[in-house]
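With positions in the sequence shown counted from 1, the corresponding number in the working numbering is that position plus 695. We treat Cβ as the ideally placed atom computed from N, Cα and C, and that holds for glycine. Quick caveat, the model's predicted, so the values are computed rather than measured. Everything on this sheet refers to the single structure shown next.
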Amino acid sequence: MNYRHHFHAGNFADVMKHVLLLQLLSRLNAKDKPYRYVDTHGGAGKYDLSTSEAQKSGEFLNGIHRLVKLDDSIKRNAPEGVKQYLKIVEDMRAGSGKGAYPGSPWFALEGMRDIDKATIFEMQRDVFQQLYYNIRDKRAGLHERDAYEGLLGVIPPKEKRGLVMIDPPYELERKDFPQLVELLVAAYKKWPTGVFAVWYPIKDRAMIERFEKKMMKTGIRRQLVCEVCVWPDDTPVGLNGCGLLVINPPWKFSQDADEALQWLFPHLRMSENGGHAAVRWLVGE
Numbered sequence: 696m697n698y699r700h701h702f703h704a705g706n707f708a709d710v711m712k713h714v715l716l717l718q719l720l721s722r723l724n725a726k727d728k729p730y731r732y733v734d735t736h737g738g739a740g741k742y743d744l745s746t747s748e749a750q751k752s753g754e755f756l757n758g759i760h761r762l763v764k765l766d767d768s769i770k771r772n773a774p775e776g777v778k779q780y781l782k783i784v785e786d787m788r789a790g791s792g793k794g795a796y797p798g799s800p801w802f803a804l805e806g807m808r809d810i811d812k813a814t815i816f817e818m819q820r821d822v823f824q825q826l827y828y829n830i831r832d833k834r835a836g837l838h839e840r841d842a843y844e845g846l847l848g849v850i851p852p853k854e855k856r857g858l859v860m861i862d863p864p865y866e867l868e869r870k871d872f873p874q875l876v877e878l879l880v881a882a883y884k885k886w887p888t889g890v891f892a893v894w895y896p897i898k899d900r901a902m903i904e905r906f907e908k909k910m911m912k913t914g915i916r917r918q919l920v921c922e923v924c925v926w927p928d929d930t931p932v933g934l935n936g937c938g939l940l941v942i943n944p945p946w947k948f949s950q951d952a953d954e955a956l957q958w959l960f961p962h963l964r965m966s967e968n969g970g971h972a973a974v975r976w977l978v979g980e
């Protein structure tokens, strides 16, 4: 996968990640006290799917484009998280053109309340400049910084509760994501009550199983795995599916996530046979 998110913006993996992000925030919103949202790899915050990068890959055609094209009667019966997701995309496109697509910081700020705050990291200079231009919100602090060292400097936040969204460039990770596991262990140690959501690609099932075993050995409790695979595991494509590992998921989030993924799967699947959507506990209480 190319590090530049423009190539992948709006694909099925983005749909899954952004719907679940909104559902996590919705559950955090249920309590009165403010929280902090931390995005470790914020990207540009906003994308244009009509650009050559997006058009070259065409990945959005099997993601957001499929959902937008659904009949209104189908969309009306979607879970709340999916409807909220589609409305945010629609609202952005009303002001920025039909090729516009939000990044995770944009979705998060739309899903948060006025009392909540965001810390957004992006280490690529040119991408950070786009982020700075696109995200103009007094609730958000933008940092041109490597989140692998920056995250530990901002947690625990003064709000004491919140969500960290981690979606690193996986071509810089090795096989079973050792850097990621190390970061999660250190972050959890500093903020054991925080909610941590880690997006990851599924290309090789054996590699994912090794990653899960490593996470189980950390001793961290309450680890929930959300998966959607649009292709069968043995299909030789660039990306068979993706997962979101959530540590300390909010109350009832597991039901929200399962409902959303079961609704999304038949609309995003690429094969008549195989593939799946599932939510399961990797480690319980």
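Simplified DSSP state of L934, which is helix, strand or coil: Numbered from its first residue, the sequence shown carries residue 934 at position 239. Looking at L934 - three-state DSSP - the assignment turns out to be coil, as it is neither helix nor strand.
Taking the beta carbon of M807 as the centre, do at least 16 other beta carbons fall within 10 Å, making it buried, or is it exposed? As a first step, residue 807 must be located in the sequence shown, where it is residue number 112. Buried is the call here.
Which of helix, strand or coil does DSSP assign to M902? Along the sequence shown, one-based indexing puts residue 902 at 207. Here M902 sits in helix by DSSP.
Reference A882; option with closest CA among G933, K908, N943 and K833: Indexing the sequence shown from 1 puts residue 882 at position 187. Selected option, being the one with the closest Cα: N943.
Validate contact between the segment 735 to 755 and the segment 809 to 826 using beta carbons, cut 8 Å, 3 pairs: yes
Three-way DSSP call (helix, strand, coil) for Y736 in this model: Residue numbering aside, residue 736 sits at position 41 when the sequence shown is read from its first letter. As written in the sequence, residue 736 is His, which differs from the Tyr given in the question. H736: coil per DSSP, three-state reduction.
Quick one: residues in its chain with C-beta nearer than 6 Å to the C-beta of E754, no 5 flanking neighbours on either side, listed in chain order? In the sequence shown, counting from the first residue as 1, residue 754 sits at position 59. Same-chain partners within the cutoff: H703 and N706.
Which whole-angstrom value is the C-beta distance of V925 and R964, which I expect to be below 8 Å? In the sequence shown, the residue the question calls residue 925 occupies position 230. In the sequence shown, the residue the question calls residue 964 occupies position 269. The Cβ separation is near 5 Å, so the contact holds.
In whole angstroms, what separates the C-alpha of G790 from that of M910? Counted from its first residue, the sequence shown places residue 790 at position 95. Counted from its first residue, the sequence shown places residue 910 at position 215. Their backbone Cα atoms lie some 42 Å apart in a straight line.
Starting from R975, follow the beta strand (DSSP E) in both directions and report where the run begins and ends. In the sequence shown, the residue the question calls residue 975 occupies position 280. Here the beta strand (DSSP E) through R975 covers H971 to V978.
Helix, strand or coil: how does DSSP classify M807 here? Counting from 1 along the sequence shown, the entry for residue 807 is found at position 112. Three-state result, M807: coil.
According to DSSP, simplified to helix, strand and coil, what is E954? On the sequence shown, residue 954 is found 259 positions in, with the first residue counted as 1. Three-state result, E954: helix.
Quick one: Cα of V849 to Cα of G969, how far? Numbered from 1 along the sequence shown, position 154 holds the residue referred to as residue 849. Numbered from 1 along the sequence shown, position 274 holds the residue referred to as residue 969. Going by the C-alpha atoms only, they are around 42 Å apart.
Give the straight-line distance between the Cα atoms of V858 and E967, rounded to the nearest whole angstrom. For this step, residue 858 is matched to residue 163 along the sequence shown. For this step, residue 967 is matched to residue 272 along the sequence shown. First, the residue type needs correcting, since residue 858 is Leu and not Val in the sequence shown. C-alpha separation (whole angstroms): 36 Å.
N935 beta carbon less than 8 Å from that of K986: Given that the chain is displayed from residue 696 to residue 980, the structure contains no residue 986 and the question cannot be resolved.
A708: buried (16+ other C-beta within 10 angstroms of its C-beta) or exposed? Counted from its first residue, the sequence shown places residue 708 at position 13. With 16 or more Cβ atoms within 10 Å of its Cβ, A708 is classed as buried.
Nearest CA to the CA of L846: which residue from R831, G938, D821 and P863? Reading the sequence shown from its first residue, position 151 is the one you call residue 846. It is P863.
Using a Cβ distance threshold of 8 Å, determine whether the segment 809 to 818 contacts the segment 831 to 838, with at least three qualifying pairs required. yes
What number of angstroms, rounded off, separates the C-alpha of D928 from the C-alpha of Q957? For the purposes of this step, residue 928 is taken as the residue at position 233 of the sequence shown. For the purposes of this step, residue 957 is taken as the residue at position 262 of the sequence shown. The alpha-carbon atoms of D928 and Q957 are separated by roughly 18 Å.
In the segment 743 to 797, which residue ranges form an unbroken alpha helix (DSSP H) of at least 4 residues, counting only runs that do not cross its ends? 747 to 752, 759 to 763, 767 to 770 and 775 to 791
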